[in-house]
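Data first, discussion second: the structure below is written as structure tokens.
2 protein chains.
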Amino acid sequence: MKVLITGGAGFLGQRLARELLARGTLKDANGTPQTITELVLFDVVRADDFGDRRVRVEVGDIAEHSVLERVIDAQTSSIFHLAAIVSGQAEADFDLGMRINLDAARLLLETCRQRGHAPRVLFTSSVAVYGGDLPDVVRNDTALNPQSSYGAQKAIAELLLNDYSRRGFVDGRVLRLPTISVRPGKPNAAASSFASGIVREPLNGEAAICPVAGSTRLWLLSPRKAIESLIAGLELDAGVLGNQRVLNLPGISVSVDEMVAALRDVAGDTVAARIVWAPDARVEKIVGSWPGRWDTSRAEQLGLSAERSFADVIRGYIEDERIQIR
Amino acid sequence: MKVLITGGAGFLGQRLARELLARGTLKDANGTPQTITELVLFDVVRADDFGDRRVRVEVGDIAEHSVLERVIDAQTSSIFHLAAIVSGQAEADFDLGMRINLDAARLLLETCRQRGHAPRVLFTSSVAVYGGDLPDVVRNDTALNPQSSYGAQKAIAELLLNDYSRRGFVDGRVLRLPTISVRPGKPNAAASSFASGIVREPLNGEAAICPVAGSTRLWLLSPRKAIESLIAGLELDAGVLGNQRVLNLPGISVSVDEMVAALRDVAGDTVAARIVWAPDARVEKIVGSWPGRWDTSRAEQLGLSAERSFADVIRGYIEDERIQIR
């Protein structure tokens with residue numbers, strides 16, 4: 031089986047690649063595990079190939095048709111489409127967000143349609159498709175009302191994937207991811223970047239700025255569970271998805287104050303005291319429009335799950351990243 | 031004030047043009063009536079100019095940027111975007127539907143953005159944005175789940191218009207129209223074409239095929255009320271629309287059996303007997319996915335309304351079209 035990951039050089043892309051290479055197989059549309067013979071890691075920058083012969087690294091612009099034709103052929107049976115412009119950047123640069131989050135997603139679907147073999151295609155979407163007046167718990171049938179260009183672009187990509195699936199051009203599925211926390215590495219241009227930063231930087235002995243109020247409620251998922259969900263999501267039987275290809279993934283609903291309390295419990299007062307509170311209206315507006323929780327019964331029935339507490343998430347991060355608490 | 035109607039040669043476009051010319055004014059963003067100095071009727075075929083000097087007729091392909099630049103300038107302060115590929119045709123010709131219902135709508139918004147004057151832009155949308163498992167009465171916060179490419183394209187155009195409005199590129203509003211009945215003229219490629227045909231053809235002394243079961247519930251609005259709503263919708267103050275620019279228009283919820291009974295009441299047994307029942311699975315699938323009723327409290331609070339009964343709609347049609355019952 032030939033597998034493609036777009037955004038293959040990114041944090042989730044690399045972690046997903048490692049997990050797929052370790053597993054060695056992925057279920058096909060009949061539910062039969064197939065050996066992964068080629069894993070294409072495609073991104074705008076060069077991805078790490080882990081020195082694995084099964085990996086083919088491709089670099090290029092995902093909004094170019096000829097580039098997509100190079101990375102998707104009639105043998106590409108499973109596609110994880112992770113490439114995206116994050117929320118803060120898509121708000122700052124409207125044209126770039128439209129080009130990558132909308133045009134490239136459509137071009138990817140269109141390339142699959144032209145190939146004619148209806149591959150499995152997984153899109154990731156986001157809490158940012160919701161906004162405006164929201165119920166405390168967002169239901170599966172709650173209307174989307176994005177309050178950012180990123181959210182609008184993701185919502186449009188969902189509609190496209192649903193229609194391309196309904197018409198049989200692809201066998202698509204969308205996972206709406208909670209905000210991923212704790213991401214290792216550096217802050218990024220996502221409005222939610224602080225949701226990792228306020229744990230990661232203090233654990234690293236550094237100060238971290240928290241740009242939102244402590245009462246702000248977030249809907250979080252760990253990288254471990256995100257990767258597990260991406261693979262399980264791609265392997266889901268199309269029949270159980272029916273006419274609605276979008277799934278809200280399970281997560282943990284926590285306030286920022288509760289996140290800080292969990293950090294204090296796990297790593298102590300000294301670490302938690304490294305958080306600096308400096309409200310930023312631009313970030314608060316975007317993050318405040320996102321739901322703090324959604325109904326995940328459908329995803330749970332399909333076997334997907336999150337951690338039980340944010341303290342567990344922090345412990346998993348410390349373990350994965352081999353962190354020494356100072 | 032310079033006004034543009036795309037789809038200006040169509041049935042609603044022509045009727046809207048006549049009404050605007052008769053009124054002579056349209057409210058601006060301050061709620062002040064402004065004299066309509068130019069009304070551009072733009073379509074892929076030549077629109078009737080009614081011999082009125084205020085009318086400028088433009089013919090061209092709405093998916094071409096240079097054409098949109100010809101019909102939208104920095105003085106075009108009000109745009110009614112009615113041009114569309116109807117549901118049945120968008121399902122039969124996917125690429126054409128995408129080109130007109132999605133690409134042209136986006137290009138129109140983009141042209142406005144480039145002009146930089148944030149004109150008022152009204153899009154029409156449809157019951158077809160809904161689908162799948164629906165409550166008996168669709169709420170304002172019910173999720174969209176289109177089951178046709180037309181519905182998906184309209185839902186995407188809604189999201190684009192919302193985001194372009196949020197960013198201040200246009201002052202947009204979307205009216206989700208019920209199925210318009212009774213349309214004069216000929217059947218068209220819309221899956222809902224029969225909703226006019228089963229009244230129009232019998233009143234014209236001709237047989238009409240009804241492709242759906244009598245129990246099928248439709249959500250209807252007369253052309254009179256549709257035109258009234260389009261003008262009121264464009265004149266709505268942006269402040270009352272807030273972060274959600276989409277309005278579900280009031281309509282009448284009737285089953286096809288009730289439509290036939292109303293026709294019998296108004297025009298007699300001989301006329302109603304001209305309906306021939308011939309179920310068509312393709313049409314039933316599309317029409318059956320649409321809601322039979324939605325919550326219209328928001329639109330009603332803003333002063334929009336429908337007729338009280340379908341019999342009233344038929345009487346209005348007979349009056350407007352000066353029909354002699356035979």
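Here the protein sequences line up with chains S and C, keeping their order. If you count the first sequence from 1, you need to add 30 to reach my numbering. If you count the second sequence from 1, you need to add 30 to reach my numbering. Quick reminder that beta carbons are idealized off the backbone N, C-alpha and C, glycines included. Since this is a predicted model, take the numbers as computed values, not measurements.
Practice task
Determine the direct distance from the alpha carbon of GLN274/C to that of ARG196/C, and round the result to whole angstroms.
Solution key: Within the second sequence, the letter at position 166 stands for residue 196/C. Within the second sequence, the letter at position 244 stands for residue 274/C. Answer to the nearest angstrom: the Cα atoms are 9 Å apart.
Problem - Whether VAL101/S touches GLU88/S by CB criterion (8 Å) - result: Against the first sequence, residue 101/S aligns to sequence position 71. Against the first sequence, residue 88/S aligns to sequence position 58. Yes, they are a contact pair.
Practice task
Flag ARG197/S as yes if its beta-carbon sits less than 8 Å from any beta-carbon of chain C, otherwise no.
Solution key: Counted from its first residue, the first sequence places residue 197/S at position 167. With 8 Å as the cut-off, ARG197/S counts as an interface residue toward chain C.
Practice task
Check whether the Cβ of LEU34/S lies closer than 8 Å to any Cβ atom in chain C.
Solution key: Indexing the first sequence from 1 puts residue 34/S at position 4. Output row for LEU34/S: interface = no.
Practice task
Might you give, ordered along the chain, the residues of its own chain that have their beta carbon closer than 7 Å to the beta carbon of ALA262/C, omitting 5 neighbours on each side?
Solution key: Numbered from its first residue, the second sequence carries residue 262/C at position 232. Only GLY333, LEU334 meet the Cβ criterion.
Practice task
Figure out for me which residue from ASN60/S, ILE66/S, THR62/S has the closest Cα to the Cα of ALA52/S.
Solution key: Numbered from its first residue, the first sequence carries residue 52/S at position 22. Nearest option by C-alpha distance: ILE66/S.
Exercise for the section: Taking 8 Å as the cut-off, decide whether the C-beta atoms of ASP79/C and VAL70/C are in contact. Expected result: Position 49 of the second sequence, counted from the first residue, corresponds to residue 79/C. Position 40 of the second sequence, counted from the first residue, corresponds to residue 70/C. No, they are not a contact pair.
Exercise for the section: Tell me whether the beta-carbon of VAL204/C lies closer than 8 Å to the beta-carbon of VAL313/C. Expected result: On the second sequence, residue 204/C is found 174 positions in, with the first residue counted as 1. On the second sequence, residue 313/C is found 283 positions in, with the first residue counted as 1. Against a cut-off of 8 Å, the Cβ pair of VAL313/C and VAL204/C comes out as no contact.
Practice task
Could you please give the first and the last residue of the uninterrupted alpha helix (DSSP H) stretch that includes LYS255/C?
Solution key: The sequence position of residue 255/C within the second sequence is 225, counting from 1. Where LYS255/C is concerned, the enclosing alpha helix (DSSP H) stretches over 253–265.
Practice task
Could you work out which residue in LYS315/S, TRP249/S, GLY38/S, PRO176/S is closest to GLU288/S when comparing CA atoms only?
Solution key: Numbered from its first residue, the first sequence carries residue 288/S at position 258. The shortest Cα separation from GLU288/S among LYS315/S, TRP249/S, GLY38/S, PRO176/S belongs to TRP249/S.
Practice task
Determine whether the Cβ of GLY118/S lies closer than 8 Å to any Cβ atom of chain C.
Solution key: The residue given as residue 118/S occupies position 88 in the first sequence. Closer than 8 Å: no.
Problem - Contact with chain S by LEU138/C, beta-carbon distance below 8 Å - result: Walking along the second sequence from the start, residue 138/C turns up at place 108. So, not an interface residue.
Exercise for the section: Output the distance between the C-alpha atoms of LEU139/C and ARG323/S, rounded to the nearest integer angstrom. Expected result: Counting from 1 along the second sequence, the entry for residue 139/C is found at position 109. Counting from 1 along the first sequence, the entry for residue 323/S is found at position 293. In a straight line, the C-alpha of LEU139/C is about 33 Å away from that of ARG323/S.
Problem - C-alpha gap between LEU264/C and LEU137/C, whole angstroms - result: Taking the second sequence and counting its residues from 1, the one referred to as residue 264/C is at position 234. Taking the second sequence and counting its residues from 1, the one referred to as residue 137/C is at position 107. Cα to Cα, LEU264/C sits roughly 20 Å from LEU137/C.
Practice task
Report the rounded CA-to-CA distance for GLY215/C versus ASN234/C, giving the unit in angstroms.
Solution key: Within the second sequence, residue 215/C is the residue found at index 185, counting from 1. Within the second sequence, residue 234/C is the residue found at index 204, counting from 1. Cα to Cα, GLY215/C sits roughly 10 Å from ASN234/C.
Practice task
State the start and end residues of the unbroken alpha helix (DSSP H) segment that holds GLN183/C.
Solution key: Mapped onto the second sequence, residue 183/C falls at position 153. Per DSSP, GLN183/C belongs to the alpha helix (DSSP H) from 179–196.
Exercise for the section: Identify the contact partners of GLN105/C in chain S, using a Cβ-Cβ distance below 8 Å as the criterion. Expected result: To locate residue 105/C, count along the second sequence from 1; it is residue 75. Ordered by position in chain S, no residue passes the 8 Å Cβ test against GLN105/C, which lies about 25 Å from the chain.
Handout entry: Neighbourhood of GLU351/S by C-beta distance below 8 Å, restricted to the same chain and skipping five residues each side
Key = By 1-based counting over the first sequence, the position of residue 351/S is 321. PRO214, listed in sequence order.
Practice task
Please classify ASP325/C: does DSSP put it in a helix, a strand, or coil?
Solution key: What you label residue 325/C is simply residue 295 of the second sequence in a count that begins at 1. In the structure shown, ASP325/C sits in coil (DSSP, three-state: anything other than H, G, I, E or B).
Exercise for the section: Find out if the Cβ-Cβ distance for the pair LEU50/C, LEU42/C is shorter than 8 Å. Expected result: Translated into positions along the second sequence, residue 50/C becomes position 20. Translated into positions along the second sequence, residue 42/C becomes position 12. No, the pair does not count as a contact, with Cβ atoms beyond the cut-off.
Problem - Expected contact under 8 Å - CB spacing of THR4/S and LEU112/S to nearest Å - result: In the structure as shown, chain S starts at 31 and stops at 356, and residue 4/S therefore has no counterpart that could be examined.
Practice task
Using a cut-off of 9 Å between C-beta atoms, extract the partners of ASP79/S located in chain C.
Solution key: Counted from its first residue, the first sequence places residue 79/S at position 49. Here the premise fails: no neighbours, minimum Cβ distance about 36 Å.
Exercise for the section: Measuring only between beta-carbons, confirm whether LEU332/C sits less than 8 Å from chain S. Expected result: The residue labelled residue 332/C in the question sits at position 302 within the second sequence. For LEU332/C, the answer is no, since every Cβ of chain S falls outside 8 Å of its Cβ.
Problem - Pairwise C-alpha distance: GLN119/C and TYR347/C - result: Stepping through the second sequence from its first residue, residue 347/C is reached at position 317. Stepping through the second sequence from its first residue, residue 119/C is reached at position 89. Spanning the two alpha carbons is a distance of roughly 26 Å.
Handout entry: Minimum C-alpha distance to ASP103/S - residue among ARG143/S, ASP171/S, ILE130/S, GLY127/S
Key = In the first sequence, the residue the question calls residue 103/S occupies position 73. Out of ARG143/S, ASP171/S, ILE130/S, GLY127/S, ARG143/S has the C-alpha closest to the C-alpha of ASP103/S.
Handout entry: Cβ-based burial, PRO63/S [other Cβ within 10 Å; buried from 16]
Key = Here residue 63/S is taken as the residue at index 33 of the first sequence, counted from 1. When all chains shown are included, PRO63/S counts as exposed.
Practice task
Compute the distance between the beta-carbons of SER219/S and VAL75/S, then report whether it is under 8 Å.
Solution key: The sequence position of residue 219/S within the first sequence is 189, counting from 1. The sequence position of residue 75/S within the first sequence is 45, counting from 1. Here residue 219/S turns out to be Ala, not Ser, going by the sequence shown. For ALA219/S and VAL75/S, no; Cβs fall outside 8 Å.
Handout entry: Stretch-stretch touch, CB-based, cutoff 8 Å, three pairs: the segment 125–135 of chain S with the segment 168–177 of chain S
Key = no
Practice task
Tell me, please, whether the CB atom of PHE124/C is closer than 8 Å to any CB atom in chain S?
Solution key: Locating residue 124/C in the second sequence gives position 94, where the first residue counts as 1. Taking Cβ atoms only, chain S reaches closer than 8 Å to PHE124/C, which makes this a yes.
Handout entry: Amino acids of chain S, ordered along the chain, whose beta-carbon sits closer than 9 Å to that of THR172/C
Key = One-based indexing of the second sequence puts residue 172/C at position 142. Within chain S, the residues near THR172/C are ASP171, THR172, ALA173.
Exercise for the section: Note down, in chain order, every chain S residue with its Cβ under 8 Å from the Cβ of ALA52/C. Expected result: If you number the second sequence from 1, residue 52/C lands on position 22. Correct list: empty, because the minimum Cβ distance to chain S is about 37 Å.
Problem - Within 7 Å of chain C by C-beta, residues of the segment 39–64 of chain S in sequence order - result: none
Handout entry: Boundaries (first-last residue) of the beta strand (DSSP E) holding LYS57/C
Key = The residue you call residue 57/C lines up with position 27 of the second sequence. Counting along the chain, the beta strand (DSSP E) containing LYS57/C begins and ends at 55–57.
Problem - Closest by C-alpha distance to LYS32/C, when choosing among SER107/C, ALA135/C, LEU277/C, SER252/C - result: By 1-based counting over the second sequence, the position of residue 32/C is 2. Of the candidates SER107/C, ALA135/C, LEU277/C, SER252/C, the one whose C-alpha sits nearest the C-alpha of LYS32/C is SER107/C.
Handout entry: Whole-Å CB distance - VAL200/S paired with SER211/S, under 8 Å assumed
Key = If you number the first sequence from 1, residue 200/S lands on position 170. If you number the first sequence from 1, residue 211/S lands on position 181. About 30 Å separates the two Cβ atoms, so there is no contact after all.
Problem - Cβ-based neighbour list, ILE305/C, same chain, cut-off 7 Å, excluding 5 preceding and 5 following - result: What you label residue 305/C is simply residue 275 of the second sequence in a count that begins at 1. Contacts found: ILE228, PRO232, ALA238, CYS240, VAL290.
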